[in-house]
Amino acid sequence: MAKRRIEARGRPLPFCHQRPTLRGMTRTLLSIGHGYSAQALAKVLLAQGGWRIIGTTRSAEKAARLKADGIEALVWPGEDLTGALPQATHVLSSVSPDADGDAVLRALSPALAAEASRLDWVAYLSTTGVYGDHAGGWVDEDTPLAPSTRRGRWRKQAEAGWKGIPDLPLHIFRLAGIYGPGRGPFSKVRAGTARRIIKPGQVFSRIHVEDIAQTLAASIAKPRPGRIYNLCDDDPAPPQDVIAHAAGLLGMEVPKPIPFEDAELSPMARSFYAESKRVRNDRIKTELGVRLRYPDYRSGLAALLKAEVQGR
0 MAKRRIEARG RPLPFCHQRP TLRGMTRTLL SIGHGYSAQA LAKVLLAQGG
50 WRIIGTTRSA EKAARLKADG IEALVWPGED LTGALPQATH VLSSVSPDAD
100 GDAVLRALSP ALAAEASRLD WVAYLSTTGV YGDHAGGWVD EDTPLAPSTR
150 RGRWRKQAEA GWKGIPDLPL HIFRLAGIYG PGRGPFSKVR AGTARRIIKP
200 GQVFSRIHVE DIAQTLAASI AKPRPGRIYN LCDDDPAPPQ DVIAHAAGLL
250 GMEVPKPIPF EDAELSPMAR SFYAESKRVR NDRIKTELGV RLRYPDYRSG
300 LAALLKAEVQ GR
């Protein structure tokens, strides 16, 4: 496959693994697990033009909704993806692993290996949970992986599985907590169910879904196989501050604080509080040229509320 070198301000960057795209040539993204983040990316790509999106979902009802948005939807698990893969130039996996491992790798590892040298770009959406607990300290993409939760260990294993496919132009994106349209705190604040759980020193990183989409699109435009990127905003913050700010934007009373020790939490919810860290995002800016639309939760929540008021 032909390779080309790109320049950035006179400084050579590593070879890009992307064959020249002919004008008018349609590129095809196979999006496995075409959920919230992948749908945001699809909107960006379809708006660019020259893209065909094949997306998988788990039900016929969801498939019908995807088709209405211009996605060629497949129900999977169920349909055979080995026919769709040879049509793809780009592959995105958003499927979460479980105790049995990564379902995509179980189903498609041999096929991915066979197609690896032909593909332009492959991405796996992982999580910042692979870093484990750092007592509020900073982590970056070179921080050793030390997940303390079961889900984090599954993600670490899945990352290793994807890396193990030879010649795959793989990019791993480690996502912080995702918010965006339909996934903000406002509905719970309005309903009176939002809780300000206080655990001293606890911070979370987060990312608006539109910034996920623009970062993935930037990587597609400037692929660097083997690279890992953290996807988060510039402002790791205590979760109770986000709830308080949302209440303030709505002009509602701030929920009373609840000490972590007294909070009734599900085992999964409690596990999120087992890890505290601040995640750096310098690499998406320096290598991909990303400028976050929502660099902190305050700008992101303000935009969400404005969109709600405008009925979008």
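Residue numbers 0 to 311, in numbering that gives the first Met the number 0, belong to the letters of the sequence shown in order.
Built from N, CA and C at the ideal position, the CB exists for glycine as well.
Inspect the beta-carbon positions of residue i and residue j and report whether they are closer than 7 Å.
i	j	result
Ser-116	Val-103	no
Ile-53	Leu-29	yes
Ala-246	Val-188	yes
Ala-87	Ala-72	no
Ala-145	Asp-101	no
Thr-56	His-89	no
Leu-40	Gly-69	no
Ala-193	Pro-184	yes
Pro-258	Ile-197	yes
Pro-168	Asp-233	no
Gly-131	Ser-147	yes
Should residue i be flagged as near chain D, meaning a C-beta pair shorter than 7 Å?
i	result
Ile-164	You won't find chain D in this structure, because it holds only one protein chain.
At the level of alpha carbons, what is the spacing between residue i and residue j?
i	j	result
Gly-128	Glu-274	8 Å
Tyr-296	Asp-210	12 Å
Val-335	Met-24	With the chain running from 0 to 311 in the structure shown, residue 335 is simply not present.
Arg-105	Glu-78	15 Å
Ser-36	Asp-99	24 Å
Arg-22	Trp-120	With a pLDDT of 45 at Arg-22, under the threshold of 50, the predicted position of this residue should be treated as unreliable, and no value is reported.
Thr-20	Pro-224	Because Thr-20 sits at a pLDDT of 47, beneath the cut-off of 50, its placement in the model cannot be relied upon, and the following sentence gives the value as read from the coordinates. Whole-angstrom Cα-Cα distance: 18 Å.
Gly-310	Leu-304	10 Å
Arg-26	Lys-221	15 Å
Val-289	Ala-122	17 Å
Asp-240	Leu-65	35 Å
Ala-186	Leu-249	Just to set this straight, residue 186 is Ser in the shown sequence, not Ala. Those two C-alpha atoms are separated by around 10 Å.
Ala-301	His-133	30 Å
Pro-237	Ala-243	10 Å
Val-308	Leu-291	23 Å
Arg-81	Trp-50	Here residue 81 is Thr; the residue named in the question, Arg, does not match the sequence. So the alpha carbons of these two residues sit roughly 20 Å apart.
Val-43	Glu-260	43 Å
Phe-271	Pro-235	15 Å
Let me confirm a value: residue i is counted as buried when at least 16 other C-beta atoms fall within 10 Å, else exposed. Which label applies?
i	result
Arg-205	buried
Ala-155	The sequence given here places Lys at residue 155; Ala does not occur at that position. Result: buried.
His-252	Note on residue identity: the sequence assigns Glu, not His, to residue 252. Counting Cβ neighbours within 10 Å, Glu-252 comes out exposed, since fewer than 16 surround it.
Ala-7	With a pLDDT of 34 at Ala-7, under the threshold of 50, the modelled position of that residue is not reliable, and the figure given next carries that caveat. Label assigned to Ala-7: exposed.
Ala-212	buried
Gly-48	exposed
Gly-179	buried
Val-208	buried
Assuming the contact rule is C-beta atoms closer than 8 Å, residue i and residue j should be a hit. Round their C-beta distance to whole Å, please.
i	j	result
Pro-254	Arg-195	5 Å
Gly-135	Val-74	Rounded, the Cβ-Cβ distance is 43 Å, inconsistent with contact.
Using a threshold of 6 Å, is the CB atom of residue i nearer than that to any non-hydrogen atom of the ligand FAD?
i	result
Ile-206	Ligands displayed in this structure: none; no statement on the ligand FAD is therefore possible.
Segment contact, 8 Å Cβ cut-off, at least three pairs: the region 222-231 with the region 164-184: yes
Three CB pairs or more closer than 8 Å across the region 117-136 and the region 144-152: yes
Given 8 Å, three or more beta-carbon pairs between the region 215-223 and the region 259-272: no
Any 3 or more C-beta pairs closer than 8 Å across the region 137-148 and the region 94-101: no
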